[in-house]
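A.B. asks:
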Amino acid sequence: MPDLGSPLSRFTLPREGIPADQIRDLMDDASTGDVEWELGRVAALVYMAGEDVTQVSKEAYLTGFSTNGLAPTAFPSLRKYESDVIDMVSGMLNAQHAVGAITSGGTESILLAVLIARERARKRSPHITSPTMVLPETAHPAFNKAGYYFDIEPIRVPTGAGYRVDVDRYEAAITDDTILCVGSAPNYVYTMIDPIPKLSELARARDISFHVDACVGGFFLPFVEKLGYSRIPFDFRNPGVTTISADLHKFGYTAKGASTLTCRDDEIGSYMGFHFADWPGGSYRTPTLTGTRPGGAIAAAWAVMNYLGEDGYLDRTKQTMDFVEHLLEEIESIPDLYVVGEPDMSLVAYGSHTLDMVAIGDAMQDRGWFVYMERIPPSIHLMLSPGHAPFIELYLSDLNEVVELARAGKIERKRDEIKYGQ
Numbered sequence: 000m001p002d003l004g005s006p007l008s009r010f011t012l013p014r015e016g017i018p019a020d021q022i023r024d025l026m027d028d029a030s031t032g033d034v035e036w037e038l039g040r041v042a043a044l045v046y047m048a049g050e051d052v053t054q055v056s057k058e059a060y061l062t063g064f065s066t067n068g069l070a071p072t073a074f075p076s077l078r079k080y081e082s083d084v085i086d087m088v089s090g091m092l093n094a095q096h097a098v099g100a101i102t103s104g105g106t107e108s109i110l111l112a113v114l115i116a117r118e119r120a121r122k123r124s125p126h127i128t129s130p131t132m133v134l135p136e137t138a139h140p141a142f143n144k145a146g147y148y149f150d151i152e153p154i155r156v157p158t159g160a161g162y163r164v165d166v167d168r169y170e171a172a173i174t175d176d177t178i179l180c181v182g183s184a185p186n187y188v189y190t191m192i193d194p195i196p197k198l199s200e201l202a203r204a205r206d207i208s209f210h211v212d213a214c215v216g217g218f219f220l221p222f223v224e225k226l227g228y229s230r231i232p233f234d235f236r237n238p239g240v241t242t243i244s245a246d247l248h249k250f251g252y253t254a255k256g257a258s259t260l261t262c263r264d265d266e267i268g269s270y271m272g273f274h275f276a277d278w279p280g281g282s283y284r285t286p287t288l289t290g291t292r293p294g295g296a297i298a299a300a301w302a303v304m305n306y307l308g309e310d311g312y313l314d315r316t317k318q319t320m321d322f323v324e325h326l327l328e329e330i331e332s333i334p335d336l337y338v339v340g341e342p343d344m345s346l347v348a349y350g351s352h353t354l355d356m357v358a359i360g361d362a363m364q365d366r367g368w369f370v371y372m373e374r375i376p377p378s379i380h381l382m383l384s385p386g387h388a389p390f391i392e393l394y395l396s397d398l399n400e401v402v403e404l405a406r407a408g409k410i411e412r413k414r415d416e417i418k419y420g421q
């Protein structure tokens, strides 16, 4: 059992209610240690697209604050919002007959995709009793979580030259027990799109489901392509792709928590929902893993997508790509630093062959930047959105100073372990 501490040391429900103004003061005090995301101090977690977008999202969220996506007959507005969002996402992902749902986040979208693959295989290949899924070693840990929940063995395939998955080893990992193959657009760690056309064709040729994890890139890469950048096609233009996850609350710039899972067609989508009627309460049906779904997140997604439109997303994508290209050039110009891989969007990782990157990351943290570290190779990871543009020069100035301190041996690492999100 975990040590939960002495009962006397734990927070208890106050005997009398606390006035609202004091509640606000207490919350202000509690947040004093939070990272100053409004000042661009965290290159992840928060995706800034402008105060106007934030206001649209907040106002829309409040209109749906008390509504519940569990009951679309009670709140038909949510049914409309969700249907419209899935239609818009389907268009972005080049799926003519797609179906899907809004989920609570990328992890739930991935869990649903894995569940769909399992249920589809149970119907089409009932002889498989020990299912596996094949994925690059750079795929998100949520796939292992899904494997743990749904009793599917994940087989992670190492990357090859250039930090991209080794396609030959990927193919060799596919067996008669494989029910799902996976690729990322982009992979989070090395910031590059997996070779989706090749990987999905391996799955299609064997009649295996293929999922694209575009939780990060789903609302960014389509506009990168429209801006004229050459990128690996990752979406439903690949005939082997069966499902795609794409997060609204990342580069869709909508309120948390909202993601999407899009299925190629009705046949794939038929495995997504849950239905149970054998109890006194009547037919119970949900499209996702959750029952209650906050209507505010669904309303905000619809509002922001309609507010921005294609031009708004294109404009913000161009702004971001412009300063990211500048950032990459500046990092490459700093002696002892290098950019990991060849970033396909606004994710950047940089490391060093000569300096202690953990020490550099800790020193940047001391200067107020919330630092995401990667383990292999030791590197600092950035997820950049339009709102980071005003702070790039300050970041580079601090980075140059910290690198000089590292060269002089004047800084040391403070952390012993690199942890995702910490």
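In terms of numbering that gives the first Met the number 0, the sequence shown opens at residue 0 and continues consecutively. In this text, a Cβ means the ideal position worked out from N, Cα and C, and glycines have one as well.
Identify which residue in Pro377, Ser89, Glu152 has its Cα closest to the Cα of Pro140.
C.D. replies: Among Pro377, Ser89, Glu152, the Cα nearest to that of Pro140 is on Glu152.
A.B. asks: Just to confirm the assignment, what range does the beta strand (DSSP E) spanning Met382 have?
C.D. replies: From DSSP, the beta strand (DSSP E) with Met382 extends over 378-382.
A.B. asks: Please determine, among Gly63, Gly182, Thr287, Asn237, the residue with the shortest C-alpha to C-alpha distance to Gly216.
C.D. replies: For Gly216, the nearest C-alpha among the options comes from Gly182.
A.B. asks: Applying the 10 Å Cβ sphere with the 16-neighbour rule, what's the burial state of Ala362?
C.D. replies: Label assigned to Ala362: buried.
A.B. asks: Along the chain, where does the beta strand (DSSP E) containing Gly90 start, and where does it finish?
C.D. replies: Run containing Gly90: none in the beta strand (DSSP E); it sits in the alpha helix (DSSP H), 75-91.
A.B. asks: Contact between the region 107-122 and the region 157-172: three or more CB pairs below 8 angstroms?
C.D. replies: The region 107-122 vs the region 157-172: no contact.
A.B. asks: Can you give, in chain order, each stretch of the beta strand (DSSP E) that sits fully within the region 201-281 and has at least 3 residues?
C.D. replies: The region 201-281 contains these whole beta strand (DSSP E) runs: 208-212, 242-246, 258-262, 273-275.
A.B. asks: Considering Glu152, what are the terminal residues of the beta strand (DSSP E) in which it resides?
C.D. replies: Here the beta strand (DSSP E) through Glu152 covers 152-156.
A.B. asks: How many angstroms separate the CA atom of Leu393 from the CA atom of Arg366?
C.D. replies: Each residue's Cα considered, the two are about 11 angstroms apart.
A.B. asks: Tell me the residue span of the alpha helix (DSSP H) that contains Glu107.
C.D. replies: Counting along the chain, the alpha helix (DSSP H) containing Glu107 begins and ends at 105-123.
A.B. asks: Answer yes if the region 180-200 comes into contact with the region 150-164, meaning at least three C-beta pairs across the two stretches below 8 angstroms, and no otherwise.
C.D. replies: With the cut-off at 8 angstroms, the region 150-164 and the region 180-200 touch.
A.B. asks: Per DSSP, which one or two residues make a beta bridge with Pro389?
C.D. replies: Paired residue(s): none; Pro389 is not in a bridge.
A.B. asks: Considering only DSSP beta bridges, list what Tyr101 is partnered with.
C.D. replies: For clarity, residue 101 is Ile in the given sequence; the question names Tyr instead. Bridge partners of Ile101: Thr259.
A.B. asks: Have a look at Ser129 and Thr174 and give me their C-alpha separation to the nearest angstrom.
C.D. replies: Cα to Cα, the separation comes out at about 11 angstroms.
A.B. asks: Quick check on DSSP: helix, strand or coil for Ala302?
C.D. replies: Ala302: helix per DSSP, three-state reduction.
A.B. asks: Just tell me which of Leu398, Lys409, Gly386, Ile410 has its CA closest to the CA of Trp36.
C.D. replies: It is Gly386 whose Cα lies nearest to the Cα of Trp36.
A.B. asks: Which partner residues does Arg9 have in the DSSP bridge list?
C.D. replies: In the DSSP output, where bridge partners are listed per residue, Arg9 has none listed.
A.B. asks: Exposed or buried, Met26, counting other C-beta atoms within 10 Å across all chains shown (16 or more means buried)?
C.D. replies: It counts as exposed.
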